[in-house]
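Just so we're aligned: 505 in the UniProt record's numbering is position 505 of the sequence shown, and the numbers increase by one with no gaps anywhere.
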Amino acid sequence: MVGPLPIDPSTTTWAPLAYPLTNNNNGRVRNLDADYEKLFSEWIYPITASIADITLDLWGGTAMGLDNDTLDVFGIDPYWQDDGRVIRWDTFWNIPQDDFDAETLLPLGLFFKSDITGRDPSQWELGGWLYNGVFYETTEDFRTAYWSEGFEKLGANVEGDWARTDQQGPVMPMDSLFPPTMVSPAGSRFGVDTKEKYVEWMDFSFYIGFSRDTGISLHDIRYKGERVIYELALQEALAHYAGNDPVQSGTSYLDTYYGFGPYAFQLVPGYDCPTYATYLNTSFYVSETTHTHIDSICLFEYDADFPIQRHSTNNYVSVTKNTYFSVRSVSTVGNYDYMFTYTFFMDGSIAVENETNQYGEYRGYRILPYTGLAHLTVQNSSNLVNAARWAEHDVQVTKRKDTEPKSAHAYNSQDVHNPPVNFDHFFDGESLEQEDLVVWFNLGMHHVPHTGDLPNTVFTTAHSGMQFMPSNYFTIDQSRSTVNMVRIDYKDGNTSAVELFGQKTEPESCEINYTPGEADLWAYTGDVVVRKFPYDPNNPYFETDSIV
């Protein structure tokens, strides 16, 4: 925050914050969840209680908003918003009987439709029930059919070991031995200003930002002192579902609505990041409380499992270590664990400037697929309408404007026809020549669920990345600057010379202990919270709030 501001009644004005938005609502944004608690207490639970005898018969449980409920109810996101009406579909889910987070794996297959237009529950309408592919217009129709002879009742999804993340099955041979691990024998080779969140590694420097909506971001990325990227940051995350029921087909999560910042939980050393990593805290403010995520960003160097350069001839071999630097954060939004990793390489892979090099070629960069890219197959989504137009092309480029800071808005799901930010409005025929540019690129994956996703989807295939690679920006490969390379000369079966280029081969004071350092896992604390009223920073309390 900046203040106090100089106030002059003759020149100072108070205006709605409308310039970053593309709609014409004078900065106002609709909130369809303003009555979320009332929605359940006065609408959802009375409906589910009205068929408690059926849910008890089907699954041995009820969902009535009580502490001893064994069933849960939730549905589509965003709501259907057509012809001025607000429609939601809900379904029942089994609540696990232990602490493992398996609820979203336990749908029960009974759906009901509601028209919740307006804020008066007395004007809302129940639109019908769907079970086993048959639609019933009223509760009475469904009840009559259910208790009739020959009605087909489907079994329940019930949690078991298949839904738990603990170790299962026979231990693999030698798996109980300590696995290979990285060490940092000389300590950190990078600098961090923890107050300013400023980082320097080799020839790179940048600032780390953090926000409630999108979590971690990088700013003012420089290479050899030259700014090459102003901002590198998440804008939105879309999970567009598909299926043959109204909840699966009607769900298209825009996760900045829930926020990546509130769910960027503490990282586990030795598992999320190396034990020797440097960890930073992050914080956000909500509901009169300041929450601090302890150790929720990690920074570390790592040695890749392949060299960045090598070459062999009949008289020498040359190899260069591939050491890279990563910044990582993990946000668990519902049943999604988003791991964000920004990685910098020795070859100076982020650089851009519009001028020619000594060979007469334009200096610049290429944007390349890195890992696991996929193209969004859903076009003109009826769930999203105008709320995620940014997702329709893999790479898009616009002129940089103060009035277009973000391609999305956390409340876009609240008004999909006229969202706060409609990305289509960014494209108005302007020239891009000799302008500061914004590259909007999409990462993604097609997730076709299979048994290997149980109990959690693994990162081996569920990942996606882009790479910024210099194109004629430098005169040679910038990894030539590192001394962590070797050239071995040999002839007639004998080594004649070993060139280490000045790298240290002997420890300065003592032998290096390569024994893996185990992390203190008992130090894991979760979030630290300080109330605004009464404000007492000397007595924080621990409380970690997840979505599920």
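Idealized CB from N, CA, C, for every residue including glycine.
Practice prompt. Please state whether DSSP places glutamine 358 in a helix, a strand or coil.
Written response: Mapped onto the sequence shown, residue 358 falls at position 358. In this prediction, glutamine 358 scores a pLDDT of 42, lower than 50, which makes its location untrustworthy; the coordinate-derived value is nonetheless stated afterwards. Three-state DSSP puts glutamine 358 in coil, outside helix and strand.
Fill in: Strand pairing of serine 252, partner residues [DSSP]
Locating residue 252 in the sequence shown gives position 252, counting from the first residue. DSSP lists His240 as partners of serine 252.
Worksheet item: What's the call for valine 421, buried or exposed, on a 16-neighbour Cβ count within 10 Å?
Response: Locating residue 421 in the sequence shown gives position 421, where the first residue counts as 1. Burial call: buried.
Worksheet entry | Cβ neighbours of glycine 526 in the same chain (closer than 8 Å, five flanking residues each side left out) | By one-based count along the sequence shown, residue 526 stands at place 526. These residues qualify, in order along the chain: Phe265, Gln266, Ile294, Phe542, Glu543 and Thr544.
Discussion item. Which residue wins for smallest C-alpha separation from asparagine 132, given the options Asp428, Asp115, His375 and Asp245?
Written reply: Looking up residue 132 in the sequence shown gives position 132. Cα-wise, what sits closest to asparagine 132 is Asp245.
Worksheet item: Would DSSP call glycine 364 helix, strand or coil?
Response: The count along the sequence shown starts at 1 and reaches residue 364 at position 364. Three-state DSSP puts glycine 364 in a strand.
Fill in: Distance, leucine 66 Cα to tyrosine 19 Cα
Taking the first residue of the sequence shown as position 1, residue 19 is located at position 19. Taking the first residue of the sequence shown as position 1, residue 66 is located at position 66. Going by the C-alpha atoms only, they are around 45 Å apart.
Discussion item. Going by the DSSP bridge assignment, what does methionine 485 pair with across the sheet?
Written reply: Within the sequence shown, residue 485 is the residue found at index 485, counting from 1. For methionine 485, which the question treats as bridged, DSSP gives the partners Thr320.
Practice prompt. For tryptophan 124, I'd like the list of residues in its chain whose CB is within less than 7 Å of its CB, leaving aside the five on either flank, ordered along the chain.
Written response: Counted from its first residue, the sequence shown places residue 124 at position 124. Within the same chain, tryptophan 124 has close Cβ partners Trp43, Ser114, Asp115 and Ile116.
Worksheet item: Does the beta-carbon of asparagine 354 have 16 or more other beta-carbons within 10 angstroms, so that it is buried, or is it exposed?
Response: What you label residue 354 is simply residue 354 of the sequence shown in a count that begins at 1. Any reading at asparagine 354 is ruled out, since the residue's pLDDT is 28, under 50, leaving its predicted position unreliable.
Discussion item. Given a cut-off of 8 Å on the beta-carbon distance, is the pair threonine 371 and histidine 463 in contact?
Written reply: Residue 371 sits at position 371 when you count from the first residue of the sequence shown. Residue 463 sits at position 463 when you count from the first residue of the sequence shown. Yes, the Cβ-Cβ distance between threonine 371 and histidine 463 is below 8 Å.
Fill in: Boundaries (first-last residue) of the beta strand (DSSP E) holding glycine 337
Along the sequence shown, read from residue 1 onward, the residue named residue 337 stands at position 337. According to the sequence provided, residue 337 is aspartate. The question's glycine does not apply to it. Looking at the DSSP string, the run of the beta strand (DSSP E) that includes aspartate 337 is 336-344.
Discussion item. Between which residues of its own chain and aspartate 415 is the CB-CB distance below 6 Å, once the five residues before and five after are set aside?
Written reply: Residue mapping note: residue 415 aligns to position 415 of the sequence shown, counting from 1. Result list for aspartate 415: Arg30, in chain order.
Worksheet item: Out of Asp120, Leu443, Thr398 and Ser211, which has the shortest C-alpha to C-alpha gap to aspartate 428?
Response: The count along the sequence shown starts at 1 and reaches residue 428 at position 428. Per the Cα distances, Thr398.
Practice prompt. Within 10 angstroms of the Cβ of tryptophan 522, are there 16 or more other Cβ atoms? Answer buried if so, exposed if not.
Written response: Against the sequence shown, residue 522 aligns to sequence position 522. By the neighbour-count rule (16 or more Cβ atoms within 10 Å), tryptophan 522 is not buried but exposed.
Item to complete: Using alpha carbons as the reference points, say which of Ala387, Leu238, Arg189 and Leu130 lies closest to glutamine 81.
Response: The residue given as residue 81 occupies position 81 in the sequence shown. Residue Ala387 is the option with its Cα nearest to glutamine 81.
Practice prompt. Please check the pair aspartate 303 and asparagine 281, which I expect to be a contact at CB under 8 Å, by giving their CB distance rounded to whole angstroms.
Written response: Along the sequence shown, one-based indexing puts residue 303 at 303. Along the sequence shown, one-based indexing puts residue 281 at 281. Their Cβ separation, rounded to whole angstroms, is 27 Å, which puts aspartate 303 and asparagine 281 out of contact at 8 Å.
Worksheet item: Under a three-way DSSP split, which group does tyrosine 198 fall into?
Response: Locating residue 198 in the sequence shown gives position 198, where the first residue counts as 1. Strand at tyrosine 198.
Worksheet item: CB-CB under 7 Å to alanine 52, same chain, minus the five flanking residues each way: which ones, in chain order?
Response: By 1-based counting over the sequence shown, the position of residue 52 is 52. Hits under 7 Å: Thr62 and Met64.
Worksheet item: Using DSSP with H/G/I as helix, E/B as strand and the rest coil, what is lysine 491?
Response: As a working mapping, residue 491 is identified with position 491 in the sequence shown. Residue state, collapsed to three classes: strand.
Fill in: Residue from His409, Ile221 and Ala239 with nearest C-alpha to leucine 232
Residue numbering aside, residue 232 sits at position 232 when the sequence shown is read from its first letter. Out of His409, Ile221 and Ala239, Ile221 has the C-alpha closest to the C-alpha of leucine 232.
Practice prompt. Measure the beta-carbon distance from glycine 75 to arginine 85 and round it to whole angstroms, keeping in mind my assumption that it falls under 8 Å.
Written response: Here the question's residue 75 lines up with position 75 in the sequence shown. Here the question's residue 85 lines up with position 85 in the sequence shown. Their Cβ separation, rounded to whole angstroms, is 16 Å, which puts glycine 75 and arginine 85 out of contact at 8 Å.
Worksheet entry | C-alpha distance - asparagine 94 paired with phenylalanine 40, whole-angstrom precision | If you number the sequence shown from 1, residue 94 lands on position 94. If you number the sequence shown from 1, residue 40 lands on position 40. Approximately 17 Å, taken between the alpha carbons.
Discussion item. Threshold first: 3 residues or longer. Then list the beta strand (DSSP E) segments lying entirely within the segment 176-236, N to C.
Written reply: 190-193, 198-201, 204-211, 215-223 and 226-233
Worksheet item: Straight-line CA distance for serine 326 to tyrosine 342?
Response: The count along the sequence shown starts at 1 and reaches residue 326 at position 326. The count along the sequence shown starts at 1 and reaches residue 342 at position 342. Their Cα atoms are separated by approximately 5 Å.
Worksheet entry | Outcome for glutamate 152 when other beta-carbon atoms lying within 10 angstroms are tallied against a minimum of 16 | By one-based count along the sequence shown, residue 152 stands at place 152. The residue in question, glutamate 152, is exposed, as its Cβ has fewer than 16 Cβ neighbours within 10 Å.
Practice prompt. Just grab the DSSP bridge partners of histidine 311 for me.
Written response: Along the sequence shown, one-based indexing puts residue 311 at 311. Bridge partners of histidine 311: Ser318.
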